[in-house]
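Numbering (the UniProt record's numbering), first residue to last: 1 to 68.
What follows is the structure in structure tokens.
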């Protein structure tokens, strides 16, 4: 499993349901992605998350990897 960080607002907003949903959108199950693995991803790569129908997508590769 790989977990991507949530922003502070999502964590501390006080809405438990939204937090759980947000958290599930940041977890890629059944994959252990190390930094080197992430750096090899190509633009547009989609990673399925625990939240049905939601994916994390590589939106920028250079100079710094961005996944949204």
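For glycine and all other residues, C-beta sits at the position ideal for the given N, C-alpha and C.
Quick caveat, the model's predicted, so the values are computed rather than measured.
Query	Result
Helix, strand or coil at residue 46 [DSSP, three-state]	strand
Where residue 32 falls: helix, strand or coil (DSSP)	coil
Contact set for residue 43: own chain, Cβ-Cβ below 6 Å, skip 5 residues either direction	58, 61
Range of the contiguous beta strand (DSSP E) that encloses residue 65	Segment: none, residue 65 is in no beta strand (DSSP E) and carries neither H nor E.
Length of the line joining the Cα atoms of residue 37 and residue 45	12 Å
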